[in-house]
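Sequence lines, in order, name chains A, B and C.
FYI, in the working numbering the residues of the first sequence are 7 to 393.
FYI, in the working numbering the residues of the second sequence are 7 to 393.
FYI, in the working numbering the residues of the third sequence are 7 to 393.
Ideal Cβ positions, reconstructed from N, Cα and C, are used throughout, including at glycine.
Structure, as C-alpha cells:
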Amino acid sequence: MKLKGIFSKFFLMALFFIGCSVQLFAQQNESEAISSILQVQQYDRAIHIMAMLLIGFGFLMVFVKKYGRSALTATFLLVSISLPIYLSIKTLGIFEAKGEIEQFILAEFSAASLLIAAGAILGRIKIFQYIILGLLFVPFYILNELIVVEDYFQIVGKVADTGGSIVIHAFGALFGIAAAVSLTTKKDMEIPIQSDATTDKYSVLGSMVLWVFWPSFCAALVPADAIPHTIVNVFIALCGSTLATYIASVSIRGKVSIADIANAALAGGVAIGATCDFASHGQAMVIGAIAGTISTVGFAKLQDKQQKFHKIIDTCGVSNLHGIPGIFGGLAAIVVVKGLDIPAQLKGIAITVVLALVAGLLTGKIVSLFGKPKEIYNDFTEFHDAE
Amino acid sequence: MKLKGIFSKFFLMALFFIGCSVQLFAQQNESEAISSILQVQQYDRAIHIMAMLLIGFGFLMVFVKKYGRSALTATFLLVSISLPIYLSIKTLGIFEAKGEIEQFILAEFSAASLLIAAGAILGRIKIFQYIILGLLFVPFYILNELIVVEDYFQIVGKVADTGGSIVIHAFGALFGIAAAVSLTTKKDMEIPIQSDATTDKYSVLGSMVLWVFWPSFCAALVPADAIPHTIVNVFIALCGSTLATYIASVSIRGKVSIADIANAALAGGVAIGATCDFASHGQAMVIGAIAGTISTVGFAKLQDKQQKFHKIIDTCGVSNLHGIPGIFGGLAAIVVVKGLDIPAQLKGIAITVVLALVAGLLTGKIVSLFGKPKEIYNDFTEFHDAE
Amino acid sequence: MKLKGIFSKFFLMALFFIGCSVQLFAQQNESEAISSILQVQQYDRAIHIMAMLLIGFGFLMVFVKKYGRSALTATFLLVSISLPIYLSIKTLGIFEAKGEIEQFILAEFSAASLLIAAGAILGRIKIFQYIILGLLFVPFYILNELIVVEDYFQIVGKVADTGGSIVIHAFGALFGIAAAVSLTTKKDMEIPIQSDATTDKYSVLGSMVLWVFWPSFCAALVPADAIPHTIVNVFIALCGSTLATYIASVSIRGKVSIADIANAALAGGVAIGATCDFASHGQAMVIGAIAGTISTVGFAKLQDKQQKFHKIIDTCGVSNLHGIPGIFGGLAAIVVVKGLDIPAQLKGIAITVVLALVAGLLTGKIVSLFGKPKEIYNDFTEFHDAE
Numbered sequence: 007m008k009l010k011g012i013f014s015k016f017f018l019m020a021l022f023f024i025g026c027s028v029q030l031f032a033q034q035n036e037s038e039a040i041s042s043i044l045q046v047q048q049y050d051r052a053i054h055i056m057a058m059l060l061i062g063f064g065f066l067m068v069f070v071k072k073y074g075r076s077a078l079t080a081t082f083l084l085v086s087i088s089l090p091i092y093l094s095i096k097t098l099g100i101f102e103a104k105g106e107i108e109q110f111i112l113a114e115f116s117a118a119s120l121l122i123a124a125g126a127i128l129g130r131i132k133i134f135q136y137i138i139l140g141l142l143f144v145p146f147y148i149l150n151e152l153i154v155v156e157d158y159f160q161i162v163g164k165v166a167d168t169g170g171s172i173v174i175h176a177f178g179a180l181f182g183i184a185a186a187v188s189l190t191t192k193k194d195m196e197i198p199i200q201s202d203a204t205t206d207k208y209s210v211l212g213s214m215v216l217w218v219f220w221p222s223f224c225a226a227l228v229p230a231d232a233i234p235h236t237i238v239n240v241f242i243a244l245c246g247s248t249l250a251t252y253i254a255s256v257s258i259r260g261k262v263s264i265a266d267i268a269n270a271a272l273a274g275g276v277a278i279g280a281t282c283d284f285a286s287h288g289q290a291m292v293i294g295a296i297a298g299t300i301s302t303v304g305f306a307k308l309q310d311k312q313q314k315f316h317k318i319i320d321t322c323g324v325s326n327l328h329g330i331p332g333i334f335g336g337l338a339a340i341v342v343v344k345g346l347d348i349p350a351q352l353k354g355i356a357i358t359v360v361l362a363l364v365a366g367l368l369t370g371k372i373v374s375l376f377g378k379p380k381e382i383y384n385d386f387t388e389f390h391d392a393e
Numbered sequence: 007m008k009l010k011g012i013f014s015k016f017f018l019m020a021l022f023f024i025g026c027s028v029q030l031f032a033q034q035n036e037s038e039a040i041s042s043i044l045q046v047q048q049y050d051r052a053i054h055i056m057a058m059l060l061i062g063f064g065f066l067m068v069f070v071k072k073y074g075r076s077a078l079t080a081t082f083l084l085v086s087i088s089l090p091i092y093l094s095i096k097t098l099g100i101f102e103a104k105g106e107i108e109q110f111i112l113a114e115f116s117a118a119s120l121l122i123a124a125g126a127i128l129g130r131i132k133i134f135q136y137i138i139l140g141l142l143f144v145p146f147y148i149l150n151e152l153i154v155v156e157d158y159f160q161i162v163g164k165v166a167d168t169g170g171s172i173v174i175h176a177f178g179a180l181f182g183i184a185a186a187v188s189l190t191t192k193k194d195m196e197i198p199i200q201s202d203a204t205t206d207k208y209s210v211l212g213s214m215v216l217w218v219f220w221p222s223f224c225a226a227l228v229p230a231d232a233i234p235h236t237i238v239n240v241f242i243a244l245c246g247s248t249l250a251t252y253i254a255s256v257s258i259r260g261k262v263s264i265a266d267i268a269n270a271a272l273a274g275g276v277a278i279g280a281t282c283d284f285a286s287h288g289q290a291m292v293i294g295a296i297a298g299t300i301s302t303v304g305f306a307k308l309q310d311k312q313q314k315f316h317k318i319i320d321t322c323g324v325s326n327l328h329g330i331p332g333i334f335g336g337l338a339a340i341v342v343v344k345g346l347d348i349p350a351q352l353k354g355i356a357i358t359v360v361l362a363l364v365a366g367l368l369t370g371k372i373v374s375l376f377g378k379p380k381e382i383y384n385d386f387t388e389f390h391d392a393e
Numbered sequence: 007m008k009l010k011g012i013f014s015k016f017f018l019m020a021l022f023f024i025g026c027s028v029q030l031f032a033q034q035n036e037s038e039a040i041s042s043i044l045q046v047q048q049y050d051r052a053i054h055i056m057a058m059l060l061i062g063f064g065f066l067m068v069f070v071k072k073y074g075r076s077a078l079t080a081t082f083l084l085v086s087i088s089l090p091i092y093l094s095i096k097t098l099g100i101f102e103a104k105g106e107i108e109q110f111i112l113a114e115f116s117a118a119s120l121l122i123a124a125g126a127i128l129g130r131i132k133i134f135q136y137i138i139l140g141l142l143f144v145p146f147y148i149l150n151e152l153i154v155v156e157d158y159f160q161i162v163g164k165v166a167d168t169g170g171s172i173v174i175h176a177f178g179a180l181f182g183i184a185a186a187v188s189l190t191t192k193k194d195m196e197i198p199i200q201s202d203a204t205t206d207k208y209s210v211l212g213s214m215v216l217w218v219f220w221p222s223f224c225a226a227l228v229p230a231d232a233i234p235h236t237i238v239n240v241f242i243a244l245c246g247s248t249l250a251t252y253i254a255s256v257s258i259r260g261k262v263s264i265a266d267i268a269n270a271a272l273a274g275g276v277a278i279g280a281t282c283d284f285a286s287h288g289q290a291m292v293i294g295a296i297a298g299t300i301s302t303v304g305f306a307k308l309q310d311k312q313q314k315f316h317k318i319i320d321t322c323g324v325s326n327l328h329g330i331p332g333i334f335g336g337l338a339a340i341v342v343v344k345g346l347d348i349p350a351q352l353k354g355i356a357i358t359v360v361l362a363l364v365a366g367l368l369t370g371k372i373v374s375l376f377g378k379p380k381e382i383y384n385d386f387t388e389f390h391d392a393e
C-alpha cells in the first residue's frame, strides 16, 4: 500500500516530466524541414512497426494461459511509457536533431527492445512494475545506442546493425535475463507456465503479425534505393528460419511444438537484422535457416537447463529468440559485409552484452523493491472479473 | 415474417439504387485527373482505416460473450451498406467533385461514425435492422457534414475538426444514444452484458488494431507536409490516454478493468482529432491524458447511472469513449488552435449534438418498427450452430 | 519412419537447391536499376499481401475445431516453401528479368494460389506433406502462368486477369479439388468437420484481414495512375458480395451461417480480379453481388452434393469461394472489358482448368505416397500438448 503511494507520486512526476520535455521537443522541431514525401513513406513503415509492438509482441505473450489480460495491458503500458520518454530524452538538446518520423521510429526501436526485456520476466511482476521497468530501461537503452550505434565517445567505430540484431534484440534479451535474476524467487521455480489451445492460437497470431511486418522493421531507416533488396532479404531469412524451425522441432522433440513455431520461426528476422541491406538472397536464406535451428535448439534443450542450473526463468524464452540469434546475426556480418570494421563489430557486441547485463541486474533490483504479485502468471490478483 | 418480406423488397430496391447511382458516379469520375502518386499515398491510409473499421471496431464489439458472430456480421454489413450509399449520394451531382480515394476516405469516415452509433444499441436489434440503421444513418451524417464541415449553408464558419472528434465521434455516439432510447425495453434492463476471458482478448485485439492505425485515420486527408507532425501527435495522445486509463482504472475501481483498457485507452485518439495537425507534442500528451481520464471515469462511474436514471443502455459505452471525449476534443481546439473562429467551433459542436440526437431518435423509432430479437445479446436466434 | 527419412533427405536437398538458386538470383539482380520510389510504393502492397497470406488464409482455416495448430503451421510452411522456390525458378535465366519487388509479388501470388489448393485437402494430410505439396505445386503454377499470363508459347493471346481470378483463384481451387480425389478415403467421408464459437471467430478474423487488404492484392502490379479506380472497384465488389452473402444465406438456410459470411463475403474480391482495372463502380457492385450469391449457393447447396456424388471432400469449400467465382470473374470480362480478345480469354480459362485438374490429380497421387495421418482433422497426432 505504501509502495503504491510512492509509486503514484513517482508516476505523476514522470508524467509531468514527459509533458514538459515533449513540449520542448515540439518547439525544437519547428525549424526542421525534411522532405515530407520521404517522411510519409517512412511513416508507412513506422505504423507497421507499431503493429508489431502492440499486436505482435502483445499477442505473442498471451500464450500464458491465465495471464492474457495482464500481458496485453503490460504491452499497452510498456509502449505508452517508452515512446514519450525516449522522445523526451532524445530532444533535450544533447543529441543531433532528426526528422520527426525518423526520431519516432528510433523510439519504436527502444519500445521493441523493452518489450523483449519484459518478455523474460513476464508474469512475475505487478502491472505497475512494468511502468517502472520502462522508465529505467529507456535511459540505459539510449546510452547503449549512443555508444554503439552513434559512436558518440568514439571508442567503437562503425558497427553493422541496420535492423538491430545487436542493439535491439540482444540488448533487450540480455537486459531481461539479467533482470530476471532479481525477479525470480525459489517458489517461482515450482510454478509451471501453462498454455491452452486458444491461447496458443493468440500466440501464433502475434507471431504472424511480427513475421509479416518484420521487413518494415529492418528497412525502416534504410535509404529508398536499398529498400527493395533489404525487404526481400528479410522475407527470405524468415522463410529459412520457419522451415528450419519445423524440421528442428520435429527432429528434436519427435512431435512439433507450436511454441517453437510461434517463436523460433521469427529468429531469421532477428538474425538478418545486422546484415539485411548487405546480404545476398542466398546468404539471407542460410542466415535464416541457421538462426531458426539454433533458436529451436534453445527452446527445446537449453531453456530447462537454464532454469535448473542458472536458476533463471525466462518466461517467453527471449534468450532463445532474441539473445542468441541476435548475437549470431551480429557475428554473421563478419562473413557477409565486405569491408566491415571487424574489431568495431566485436566491440559493439561486447559492450552491448556487458551494458545490458549490468543495467538489467541493477534494474531488476530496483523493480524488485516495489513488491511481488501474490500469485504469479495470474490475472485475478490485479484484474476485475478475472477467473 | 411480413416484415421480412417488406425488408427483402426494400433491400433489393436499395441494392438497385446503389448500383445505379454508383454507376453514375463512375462516369463522373472519368474526367478527373488528380495526381496518382499522392492518391496512392492516400490509399495506404485508406486501407489502414479499413482495417480499423472491420477488424478494429468488429473485434472491439466481440466482448459480448454470446453475441460474437452477430457483432462481426453486423460490422461486415454496416461497412458494406454505408460505403456504397455514401459514394452514391455524394456523386449525385450536388456536391463538389473529389479524387476517388479522397471521396472513398470520406465514405470510410461515415462508416466509422455509423459503427460507433451501432455500438450503443449492439445486441438489441436483429441483424437485418443493422442494414436499415445504415441506410438511415448515412443521409443524416452527410447532412451534418454538409452543414458543419463544408459550411454549405454558410451559417457556421470554419470548424477545426481534422480527425473528426466532433463530426465523426461525437455525432456517431450521440446518434447511437438517442437511437437506444427507442430500442431499449424495460426487460432489456434486467439482462446483463457478459464477457469472458476469450472474448475479452478479442476485444483488446480490436482495440490494438484501432490504436495502431489511428494516426492514419486522423492524417488521412492532411497535406503531405503536415503528416509527420500529425502522426506523432496522435501516437503521443494515445500514449497519454493509455497511461491515464490504467491509473484512473486502478484508482477508481481498486483493480484494473480490462474493458477500461480496451476502450478508454483509445480516448486520446478521439480527443486529439480536432487539433491533431495544430497541437504541439506536449499539448497532445495533455489532451490524451485528460481524455483517457474522463473516459475511464465515464466507464467506471457514469455508465451505471445512465442506465438507472436515464433508462438508456449503451452496450459498448460509446458515450464514454466517443461522445464525451469527442466533445472535449472539439472544445480543446479553443485553447490549442491559434486564430480559431471560436463561435464557429461552438456552433459546429452545438449543431452536431442537436442533429445527432434528433436524427438518432427518429432513426431509432423507424428501426424499432422492424421488430425485436426474441433474446437479446445472443447469436442463437439468428445463427446456425450457435450455442 | 522410413518415409520420414526419405523426406528429410529430400528436404535437405530442396533447401540446398533453394539456397543455390536464390544465390544465383541475387547476382542477377545487381545490374537492375528500377526506380526505387515506385518499388517502395509496390512494397506497401507486397506487405499487405503477406498479411493476407499468413494471417488471412491462416486464420480463415482455423475454423476446423481441433486442427488450429496444424492449420497455422501448415500456412507458415506453405508460404515459406513457395516463396523461395518461385523466386529460384523464375531467376534461372529463362524468364524475363523484373524488379525485385515485382518478382516478389508474383511469388506471393503463387503462394496465395497454393494456400487455396491446400484449403481443399486441409486436415487430411500430415504436416510435412504440405511441404511436398508446395514443392510440386509451384512448378505447375509457373507453367500455367507462362502459358496463360505471359503467353510464352504464343498459343493464347492477351487474357484479362489483373487480379488473378483465373490464374490464381480458379487454378488453386481446381488443383486442390483434383488433389483431394487421391487424398480422401471412404473413411474420411464419415468424419465431420466441426467448428466452435471460438474457432469461428478466428475464421472471421482471417476473413476480415483478407477483405481489408484485397485491393492491394488486385492493384499490386497495376500502374500508379490506375490504382485509385482499381482499389475502389475492389472494395465496392466486396461490399456487394458481403450484402449478397447475408441475404442469400438467410434466404436459403433460414438462419445465417457464419461460415457463409466468413467465406462467400470474399467472393466479390475473387470475381472482380479479372476486371478490377476495367470495370466501372456500378459493374463492380453487380459482379460482387452475383459472386457472393453463387458462392453462398455453393456453400449451402453444392458442398454436400459434391461430397455425396463425387466423393470429394473440399475442407474449406475452395471450389465455392475461389473456383466458381474465379471462373465467373474470368467470364465477366467478356461483358466488361472493351476490346477484349474473347477467344484468348476463353482459351486462358480452359487451359487453366485443364492444367489445374491434371496437375492436381498427379500431385495428389504423389503426396498420397507419403502416408496419411492416423486421425484426420486433429492436432494431437503431430503436436505436443494438443488435447
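The beta-carbon distance between residue 182/A and residue 123/A, rounded to whole angstroms, is 4 Å. This is short enough to meet the 8 Å contact definition. Contact of residue 66/A with chain B by beta-carbon distance below 9 Å is absent, the smallest such distance being about 12 Å. Taking 8 Å as the threshold, the shortest C-beta distance from residue 389/B to chain C falls below it.
In the three-state DSSP reduction, residue 69/C falls in the helix class (H, G or I). Listed as beta-bridge partners of residue 262/A by DSSP are 389/C.
Remark: three or more beta-carbon pairs, one from each stretch, lie closer than 8 Å, so the region 140-155 of chain B and the region 103-123 of chain B are flagged as touching.
In the pairwise beta carbon analysis, the region 153-171 of chain A is classified as not touching the region 365-384 of chain A: fewer than three pairs are separated by under 8 Å. Within the same chain, and ignoring the five residues on either side of residue 175/C in sequence, the residues whose Cβ sits closer than 6 Å to its Cβ are 276, 328, 332. Taking residue 237/B as the centre and dropping the five residues before and after it, the same chain places the C-beta of 221, 225 closer than 6 Å to its C-beta, in chain order.
Under the 8 Å Cβ criterion, the region 284-304 of chain A counts as touching the region 232-251 of chain A, having at least three qualifying pairs. Here residue 200/A carries a coil assignment [DSSP, helix/strand/coil].
Cβ neighbours of residue 201/C within its own chain (closer than 6 Å, five residues either side excluded): 69, 71. Residue burial is scored here from C-beta neighbours: residue 47/C has at least 16 other C-beta atoms within 10 angstroms and is therefore classed as buried. Taking 7 Å as the Cβ-Cβ cut-off, the region 68-84 of chain A has no residue approaching chain C. One alpha carbon belongs to residue 102/B, the other to residue 180/B, and they sit about 28 Å apart. Per DSSP, the continuous alpha helix (DSSP H) segment holding residue 287/A begins and ends at 287-303. Closer than 7 Å at the C-beta level to chain B, one finds these residues of the region 203-237 of chain A: 204, 208. For the C-beta of residue 105/C, the chain A residues within less than 9 Å are, from N- to C-terminus, 234. Less than 8 Å divides the Cβ of residue 61/B from the Cβ of residue 218/C. In this chain, the alpha helix (DSSP H) harbouring residue 150/C covers 133-150.
Residue 54/A is classed as buried because its beta carbon has at least 16 other beta carbons within 10 Å across all chains shown. Assignment of residue 60/A by DSSP, reduced to helix, strand and coil, places it in the helix class. Taking a beta-carbon distance threshold of 8 Å, residue 183/A does not count as an interface residue toward chain B. The alpha helix (DSSP H) runs lying completely inside the region 318-354 of chain C and spanning 4 residues or more are 330-342, given in chain order.
A distance of 8 Å or more separates the beta carbons of residue 325/B and residue 188/B. For residue 362/C, the closest Cβ of chain B is not nearer than 8 Å.
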